[in-house]
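Once you know that position 90 of the sequence shown is 88 in my numbering, the rest is easy, because the numbers rise by one and skip nothing.
All residues carry an ideal CB built from backbone N, CA and C; glycine is no exception.
As the structure is a computational prediction, the values presented were derived from the model and not from experiment.
One structure is given here, and the rest of the page talks about it.
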Amino acid sequence: MFHKKGSLFHRECEGLVSASEYRKAISSALSQELGGGGRAAKDTARWTGVSERTAKNWISETYGPTGENLIELMRHSDIVLDVVLVLAGRQEERLGRRLSLARGEVAAVLTGLDAICRPDDD
-1 MFHKKGSLFH RECEGLVSAS EYRKAISSAL SQELGGGGRA AKDTARWTGV SERTAKNWIS
59 ETYGPTGENL IELMRHSDIV LDVVLVLAGR QEERLGRRLS LARGEVAAVL TGLDAICRPD
119 DD
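Structure follows, in structure tokens:
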């Protein structure tokens, strides 16, 4: 899904990512993707197989997901994937991925317009 708004998360510095920066980034991404409250925790738990308490801890920035769980979050959330690419300093890949998604959406719109604008074959 192509999000029309940019990511709310921006890296503050280059270099090593601190634990608190990681927790904040994942929390921000999950909140942006799923909203707040119990529903976000339920969806996060369903995506990763963790308990709702663990998911709530990620959303509240108490803890961050381990590698295996982070991969599952990235599999289900474009926003989490974008945040991880920003944390890794890989903005080019993020931009390329977003452009590819946009290109696909534009192609779908053009196909729809072609179908509407073409005269019926009689």
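Should residue i be labelled buried (16 or more other beta-carbon atoms within 10 Å of its own) or exposed?
i: Val78; result: buried
i: Val107; result: exposed
i: Glu66; result: exposed
i: Val82; result: buried
What's the gap between the Cα of residue i and the Cα of residue j?
i: Val127; j: Asp112; result: For the chain, the structure presents residues -1 to 120; residue 127 sits outside this window and is missing.
i: Glu91; j: Ser49; result: 32 Å
i: Val84; j: Trp45; result: 22 Å
i: His74; j: Asp80; result: 12 Å
i: Glu70; j: Asp76; result: 11 Å
i: Arg51; j: Ser29; result: 15 Å
Helix, strand or coil: how does DSSP classify residue i here?
i: Ala113; result: helix
i: Val107; result: helix
i: Ser98; result: helix
i: Ala17; result: helix
i: Ala23; result: helix
i: Ala39; result: helix
**Message:** Taking contact to mean 3 or more Cβ pairs, one atom from each stretch, closer than 8 Å, check whether the segment 94 to 101 and the segment 31 to 42 are in contact.
**Reply:** The segment 94 to 101 is not in contact with the segment 31 to 42.
**Given 8 Å, three or more beta-carbon pairs between the segment 55 to 72 and the segment 10 to 29** = The segment 55 to 72 is in contact with the segment 10 to 29.
**Prompt:** Going along the chain, which unbroken runs of the alpha helix (DSSP H) with 4 or more residues stay wholly within the segment 42 to 84?
**Reply:** List check, alpha helix (DSSP H) in window: 50 to 57, 65 to 74.
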